[in-house]
Amino acid sequence: MIIFAGRSNVGKSTLIFRLTGKEVKRGKRPGVTRRPVEVNWRNRKIVDLPGFGFMSGLPKEVQERIKDEIVAFIEENANEIELAVLVVDGKSAPEIIERWEKRSEIPIDVEFYFFLRELGIPTIVAVNKVDKVKNLERTIAFLAEKFGVSHAEAKNVFIPVSAKFGQNVEELKRRIEKEL
Ligand SMILES: Nc1nc2c(ncn2[C@@H]2O[C@H](COP(=O)(O)OP(=O)(O)OP(=O)(O)O)[C@@H](O)[C@H]2O)c(=O)[nH]1
Ligand SMILES: [Mg+2]
Numbered sequence: 016m017i018i019f020a021g022r023s024n025v026g027k028s029t030l031i032f033r034l035t036g037k038e039v040k041r042g043k044r045p046g047v048t049r050r051p052v053e054v055n056w057r058n059r060k061i062v063d064l065p066g067f068g069f070m071s072g073l074p075k076e077v078q079e080r081i082k083d084e085i086v087a088f089i090e091e092n093a094n095e096i097e098l099a100v101l102v103v104d105g106k107s108a109p110e111i112i113e114r115w116e117k118r119s120e121i122p123i124d125v126e127f128y129f130f131l132r133e134l135g136i137p138t139i140v141a142v143n144k145v146d147k148v149k150n151l152e153r154t155i156a157f158l159a160e161k162f163g164v165s166h167a168e169a170k171n172v173f174i175p176v177s178a179k180f181g182q183n184v185e186e187l188k189r190r191i192e193k194e195l
């Protein structure tokens, strides 16, 4: 089993569609995927998880409950999960991380990365929406620092992609295959 996790609206479902060609529900507003959706891909299950964080039109309690459900899903299936693809929005992740840190909170993406590592789940970070990123090198260096990934390892951990335009999706596919 391969899981795709990340904040709402970062493009998890679009990326799964690009990788597998399987129709999964995608949309403009955060909160489209509401429960784990499984698609079959090369004799494996890919699970499209709901996003965590802000969701349009949903009260905070419901957002929190969905996040708890995602955590529970991952914990319950930890033995089966061979790989996690943590998807971040390359354009907005650095700003959001800084905002959370200014409030002395642990940014949710960072928290999730550590959570997956703690469970021993190999994790690739797909830096999505690179079509909107001005300085990719800087963005990846920033994320690597926040995620506690060394400069040398960053190339293996962070894969820039654009799910919308199909940019570098083949490279992500290769990285996934290599991990399995
Ligand atoms: N510019 C740009 N937009 C993208 C990219 N990937 C996805 N999007 C857009 O981002 C929006 C959200 O895409 P989804 O795939 O539904 O995102 P998600 O992470 O599954 O969202 P939730 O299910 O709500 O958590 C859509 O409008 C996509 O077209 C990308 O690489 N570049
Ligand atoms: Mg989705």
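Residue numbering for the sequence shown follows the numbering used here, beginning at 16 and increasing consecutively.
We put the CB at the ideal spot given by N, CA and C, even for glycine.
In the DSSP assignment, residue 59 falls within the beta strand (DSSP E) that extends over 59-63. Relative to the Cα of residue 107, the nearest Cα in the group 120, 148 and 70 belongs to 148. Sequence-distant partners of residue 30 (beyond 5 residues in either direction) whose C-beta falls short of 8 Å from its own C-beta, in its chain, are 19, 100, 102, 141, 143, 176, 178, 184 and 187. For residue 111, the CB contacts under 7 Å within the same chain, skipping 5 residues up- and downstream, are 122 in chain order. With contacts defined by Cβ atoms closer than 7 Å, residue 41 and residue 28 form a contacting pair.
Taking 7 Å as the cut-off, the beta carbon of residue 167 is found no closer than this to the beta carbon of residue 155. With a threshold of 16 other beta carbon atoms within 10 Å, residue 68 meets it and is buried.
Under DSSP, residue 174 forms a beta bridge with 141. Boundaries for residue 98: no alpha helix (DSSP H) harbours it, while the beta strand (DSSP E) harbouring it runs 98-104, taken from the DSSP string.
For residue 86, the three-state secondary structure derived from DSSP is helix. When the beta-carbon positions are compared, residue 51 and residue 62 come within less than 7 Å of each other.
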